[in-house]
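There are 2 protein chains.
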Amino acid sequence: MTLSTSHRQPLAEEVTAKLRAMIHSGEWQLDQRIPAEPELMAGLGVSRGTLREAIKALAHSGMLEVRRGDGTYVRATSEISGAARRMYQDHTDEHILEVRLGLDTQAARLAARNATADDVTALRAVLAEREVAWHAADFEAWARADWAFHARVAQATGNPLLHELYVSFGDVFHQDLLKQQRKGRMDGLTYEGHGALVDAIEAHDADAAVASVNQNLNSCAEWLRA
Amino acid sequence: MTLSTSHRQPLAEEVTAKLRAMIHSGEWQLDQRIPAEPELMAGLGVSRGTLREAIKALAHSGMLEVRRGDGTYVRATSEISGAARRMYQDHTDEHILEVRLGLDTQAARLAARNATADDVTALRAVLAEREVAWHAADFEAWARADWAFHARVAQATGNPLLHELYVSFGDVFHQDLLKQQRKGRMDGLTYEGHGALVDAIEAHDADAAVASVNQNLNSCAEWLRA
DNA sequence: TAGACATCAAACGTCTGATGTCTAAGCTGG
DNA sequence: CCAGCTTAGACATCAGACGTTTGATGTCTA
């Protein structure tokens, strides 16, 4: 804590926090339109200007999209994923994948070092969900479970920052997966490999975990280039 | 502009962009107080509400700090470094270092694959600066050169996203290094190692580059724990 | 003279009301 | 059934006023 903020928090900040909480808690779902300004004014007991400052702040960070004449929509569930959205806009899939590979590798290494038995159990459970969705050809459920697996690995590292990054980037990556599917090029290339990763984590074998991730994502990179 | 803005961009967005440009261009320096709202209103030709929305957006992203009764100050030079500032506030040095290790490793691997002769030349130049600063006991210059080296490695990867991340996080990491120095525990542990990394990059030896980074940052991690 | 206190101007925080502009949906006539 | 028009609702912007906080200045006292 560098600055001792003796000055009390402005009202607009509180309102921003409340709106963020509404989104994060899921009360306002993704892509849903939130109530109009007058209604929110009444509900929160603040003036238009204050409310608009709060909304604009969240809009600027990418969580909300304000459509003039229409309404305001939830576009992301956290600030970081808002940044991720812009990231996706400005960079190619391959470059993003390279950065992800760096994080995935490190996550695998740390998870192998720090994962508990509960972590391993949870990982296998998510993997089972993923398999069920695969066989049911429910692509959306599969993508969700796939990302949940990666996020769970990050959680198993015991590094909250890494976990936060994965959770926050989740909906953007998820959306990207869906986009890939629309290209009609989703064969089962990442179907295997995750099981080996869990085995390596359970055995606390960091090298094997890293190797598993490398193999998995390298093939994914080739697939992107194809 | 990637998104087809069928709807015209709101005025407040334009103002936000102008303010951001003022900061990014260096016209408003770090920690400097920007002109008061009435003055900006006149200069930009917008009403106070519109101006305040723009300011608040930047404040929320961490670039500006608005101090009631005093004025508004520049606190970061980009949105990402604003996010980095908050990241530093919420997580321990060790966890941040773990994430950085993941990125540094990947940067080294990709730089070894993609670096050009010019990249290598530039890297050696930065390293020379760093050494000069070290012998001159100019810690600030050393920290700046050290980070410039890492950023240059990221640039050599040919991955603009990775480069952007390093550049944007620069001032925050730089500040962190200075904080470490204040703890009075800055011995020359990272003095060596970077030379070996450049050699590996020049030889396009990815494994050696990764090994160099691992050794370097692992010792750094131990130093943090000490 | 040095420190504590009172005062003031500047700057941001918030509220209110009015008006402009855009969007999506409903209506209408063919 | 559809194309074009109309309209209600929603956000965008402006203007003015007043409240609250802060930093600086001046003044008084020990």
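Taken in order, these protein sequences are the chains called W and G. The numbers in the numbering used here rise by one with no breaks, and the one at position 217 of the first sequence is 217. The numbers in the numbering used here rise by one with no breaks, and the one at position 19 of the second sequence is 19. Think of the CB as a built atom: it goes at the ideal place given N, C-alpha and C, for glycine as much as any other residue.
- Look at G49 of chain G: its C-beta is under 8 Å from a C-beta on chain W.
- The straight-line gap separating the alpha-carbon atoms of L30 of chain W and R20 of chain W is approximately 12 Å.
- Think of a sphere of 7 Å around the beta carbon of G102 of chain W: the chain G residues whose beta carbon falls inside it are G102, L103, T105 and Q106, in chain order.
- Taken through DSSP and simplified to helix, strand or coil, T92 of chain G comes out as coil.
- By the rule that beta-carbons nearer than 8 Å mark a contact, H95 of chain W touches chain G.
- Any Cβ of chain W closer than 8 Å to the Cβ of P160 of chain G would place that residue at the interface, and such an atom is present.
- T105 of chain W sits in a helix when the DSSP states are folded into three classes.
- With contacts defined by Cβ atoms closer than 8 Å, V120 of chain W and E202 of chain W form a contacting pair.
- Take the alpha-carbon of A145 of chain W and the one of W134 of chain W: they are about 10 Å apart.
- Listed along chain W, the residues sitting closer than 8 Å to A12 of chain G by beta-carbon distance are K56.
- Contact annotation: in the region 21 to 37 of chain W, no residue has its CB less than 8 Å from a CB in chain G.
- Contact between the region 145 to 164 of chain W and the region 114 to 130 of chain W is present: three or more C-beta pairs spanning the two stretches fall below 8 Å.
- Considering only G:L165, G:A76 and G:A84, the residue with the shortest C-alpha distance to Q106 of chain G is G:L165.
- In the three-state DSSP reduction, T116 of chain W falls in the coil class, being neither helix nor strand.
- Proximity of H91 of chain W to chain G, defined by a Cβ-Cβ separation below 8 Å, is satisfied.
- The criterion of a C-beta distance shorter than 8 Å is not satisfied by G62 of chain W and R52 of chain W.
- Using beta-carbon distances, M87 of chain W counts as an interface residue toward chain G, with a partner under 8 Å.
- Chain W has a Cβ within less than 8 Å of the Cβ of L110 of chain G.
- DSSP, reduced to helix, strand and coil, places V74 of chain W within a strand of the structure shown.
- Contacts between V99 of chain W and chain G, judged by CB atoms closer than 9 Å, involve L103, Q106, N159, L161, L162 and L165 in chain order.
- Looking at the DSSP output, L127 of chain G sits in no beta bridge, so it has no partner there.
- Beta-bridge pairing by DSSP links L64 of chain W to W:V74.
- If you draw a straight line from the Cα of L58 of chain G to the Cα of L64 of chain G, it comes to about 6 Å.
- Proximity of R52 of chain G to chain W, defined by a Cβ-Cβ separation below 8 Å, is satisfied.
- The residues T105, A108 and R109, in chain order, have a CB closer than 7 Å to that of V210 of chain G in the same chain once the five nearest residues on each side in sequence are set aside.
- Contact of S168 of chain W with chain G is not assigned, every C-beta pair being separated by 8 Å or more.
- Interface criterion not met: the Cβ of S219 of chain W is under 8 Å from no Cβ in chain G.
- Residues of chain W with a Cβ closer than 8 Å to the Cβ of T16 of chain G are, in chain order, H60.
- Put simply, the backbone Cα of L127 of chain W is about 39 Å away from that of E14 of chain W.
- Of the residues assessed, S168 of chain W falls on the buried side of the cut-off, its CB having 16 or more other CB atoms within 10 angstroms.
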